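**Q** Got a structure here, written out as structure tokens. Questions coming.
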Amino acid sequence: MTRRCCFAAAGFLLLVLLAVFHGAAAMACDKSMLLPCETATRTGPTAECCARLLQLQPCFCDLLKDPIVRRSIGTPEAKKVLEICGVVIPRC
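Reading the sequence shown from the start, the letters are residues -26 to -1, 1 to 66 in mature numbering (1 follows the signal peptide of the UniProt record, and there is no 0).
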């Protein structure tokens, strides 16, 4: 009985951890995190903008599915901001 209880507790803990990590990954790919970069094409990127772009870099393929984000990132000015921040858009 004790062994069964330990397996059940371990399984529950695993499910909780998976849910937490899944939620963290979903939050990390939120396009609203790009807001600090809103004026970067006119004024140059701030340190916060570059930090956000670097943080979102693994999410770019998902973010580029949004037509508004795709249009915004596709401009020459936005590409210059990405270059200044050292961010590379992956091939999706």
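Cβ coordinates follow ideal geometry from the N, Cα and C atoms, glycine included. Computed from a prediction, not measured in an experiment: that's the story for all the values here.
Grab the span of the alpha helix (DSSP H) containing serine 46 for me, first residue to last.
**A** In the sequence shown, the residue the question calls residue 46 occupies position 72. Start and end: 41 to 47.
**Q** Give the straight-line distance between the Cα atoms of leucine 56 and valine 62, rounded to the nearest whole angstrom.
**A** Counted from its first residue, the sequence shown places residue 56 at position 82. Counted from its first residue, the sequence shown places residue 62 at position 88. Cα to Cα, leucine 56 sits roughly 7 Å from valine 62.
**Q** If you draw a straight line from the alpha carbon of isoleucine 42 to that of glutamate 51, how long is it in whole angstroms?
**A** Locating residue 42 in the sequence shown gives position 68, counting from the first residue. Locating residue 51 in the sequence shown gives position 77, counting from the first residue. Near 15 Å, if we compare the C-alpha coordinates of glutamate 51 and isoleucine 42.
**Q** So for leucine 9, helix, strand or coil by DSSP?
**A** Translated into positions along the sequence shown, residue 9 becomes position 35. The answer is helix: DSSP assigns leucine 9 an H, G or I state.
**Q** Determine the direct distance from the alpha carbon of leucine 8 to that of cysteine 66, and round the result to whole angstroms.
**A** Counted from its first residue, the sequence shown places residue 66 at position 92. Counted from its first residue, the sequence shown places residue 8 at position 34. Distance between the alpha carbons of cysteine 66 and leucine 8 is about 19 Å.
**Q** How far does the alpha helix (DSSP H) with valine 55 in it reach, from first residue to last?
**A** Residue numbering aside, residue 55 sits at position 81 when the sequence shown is read from its first letter. Looking at the DSSP string, the run of the alpha helix (DSSP H) that includes valine 55 is 50 to 59.
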